[in-house]
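Okay, structure first, notes after.
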């Protein structure tokens with residue numbers, strides 16, 4: 001249960017890169033563009049991914065072709081954010097029977113009317129009241145992926161490293177410095193090659209004028 005709703009800056013349900021429903025905090029009204037970039041770059045082949053930067057935590061719960069995504073304040077615990085997203089997925093499951101996936105026409109914000117009640121229920125949801133492991137995925141996960149079990153009957157998630165980067169989320173000054181150093185080295189080599197070329201041309205002209213090394217004698 002999340003006692004302070006303002007800790008959730010943004011939450012949405014997406015299918016691929018199409019946002020079907022969303023919630024934006026009044027204190028963070030300009031999250032939609034950033035969220036669209038994040039959803040479009042959701043890490044593939046993962047069921048769960050979290051990343052914290054600039055006092056915000058970005059949490060993805062992937063259930064292909066759907067993505068359940070939230071941007072929260074960094075003080076909100078993962079043990080609160082994950083049940084919140086799992087409950088959104090469970091409620092979405094009830095509004096969209098699995099048999100209708102192939103026939104439903106998904107359009108931007110097509111599930112927006114149902115989302116306010118889904119969001120409010122998820123805020124009040126207590127993970128102790130119900131086992132999340134009883135909820136099968138909307139679609140079976142790809143085979144061949146290694147999974148690990150979490151303690152306390154939490155759902156199994158892929159073994160993912162938290163340092164996987166998403167370009168709109170993570171600043172990379174070290175990469176920029178490395179790239180600038182590489183460009184500088186490349187320019188130095190180009191200048192050296194040009195100098196060698198000019199010297200070689202001058203040497204050949206000298207040999208031609210002097211008919212070899214006769215000028216030296």
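Numbering (full-length UniProt numbering), first residue to last: 1 to 217.
Note that the Cβ used here is the ideal one computed from N, Cα and C, for glycine as well.
Here the structure is a predicted model, which is why all the values come from computation and not from measurement.
> In terms of residue numbering, what span does the alpha helix (DSSP H) encompassing residue 3 cover?
Replying inline: The residue labelled residue 3 in the question sits at position 3 within the chain shown. Unbroken run through residue 3: none, as it is neither H nor E.
> Taking the continuous beta strand (DSSP E) assigned at residue 72, which residues delimit it?
Replying inline: Here the question's residue 72 lines up with position 72 in the chain shown. Looking at the DSSP string, the run of the beta strand (DSSP E) that includes residue 72 is 66–73.
> Considering residue 11, what are the terminal residues of the alpha helix (DSSP H) in which it resides?
Replying inline: Counted from its first residue, the chain shown places residue 11 at position 11. First-last for residue 11: 8–15, but that is the beta strand (DSSP E), not the alpha helix (DSSP H).
> Would you call residue 178 buried or exposed, if buried means 16 or more other Cβ atoms sit within 10 Å of its Cβ?
Replying inline: Within the chain shown, numbered from 1, the residue matching residue 178 stands at position 178. Exposed, since its Cβ has fewer than 16 Cβ neighbours within 10 Å.
>> Here's the rule: buried if 16 or more other CB atoms are within 10 angstroms of the residue's CB, otherwise exposed. What is residue 74?
In response: Start at 1 with the first residue of the chain shown, and residue 74 comes out as number 74. Its Cβ having fewer than 16 others within 10 Å, residue 74 is exposed.
> To the nearest angstrom, how far is it from the Cα of residue 87 to the Cα of residue 125?
Replying inline: Position 87 of the chain shown holds residue 87. Position 125 of the chain shown holds residue 125. Going by the C-alpha atoms only, they are around 7 Å apart.
> Which two residues bound the contiguous beta strand (DSSP E) that contains residue 22?
Replying inline: The residue given as residue 22 occupies position 22 in the chain shown. Where residue 22 is concerned, the enclosing beta strand (DSSP E) stretches over 18–24.
>> Less than 7 Å between CB atoms is the rule here; does residue 112 satisfy it with respect to chain D?
In response: No chain D appears in this structure, which consists of one protein chain only.
>> I need the DSSP call for residue 120, collapsed to helix, strand or coil.
In response: Your numbering for residue 120 matches position 120 in the chain shown. Helix, per DSSP.
> Taking residue 115 as the reference, which of 13, 1 and 190 has the closest Cα?
Replying inline: Mapped onto the chain shown, residue 115 falls at position 115. The option with the nearest alpha carbon to residue 115 is 13.
> For the beta strand (DSSP E) that contains residue 59, what are its first and last residues?
Replying inline: As a working note, residue 59 is residue 59 in the chain shown. Unbroken beta strand (DSSP E) run through residue 59: 56–63.
> Does the segment 45–52 touch the segment 28–37, meaning 3 or more C-beta pairs lie closer than 8 Å?
Replying inline: no
> Does DSSP put residue 163 in a helix, a strand or coil?
Replying inline: As a first step, residue 163 is located in the chain shown; it is residue number 163 there, counting from the start. At residue 163 the pLDDT is 41, less than 50, meaning the model places this residue with poor confidence and gives no usable figure here.
> With 16 other CB atoms within 10 Å as the buried threshold, where does residue 213 fall?
Replying inline: As a working note, residue 213 is residue 213 in the chain shown. With fewer than 16 other Cβ atoms within 10 Å, it is exposed.
>> Threshold first: 4 residues or longer. Then list the alpha helix (DSSP H) segments lying entirely within the segment 24–49, N to C.
In response: 32–40
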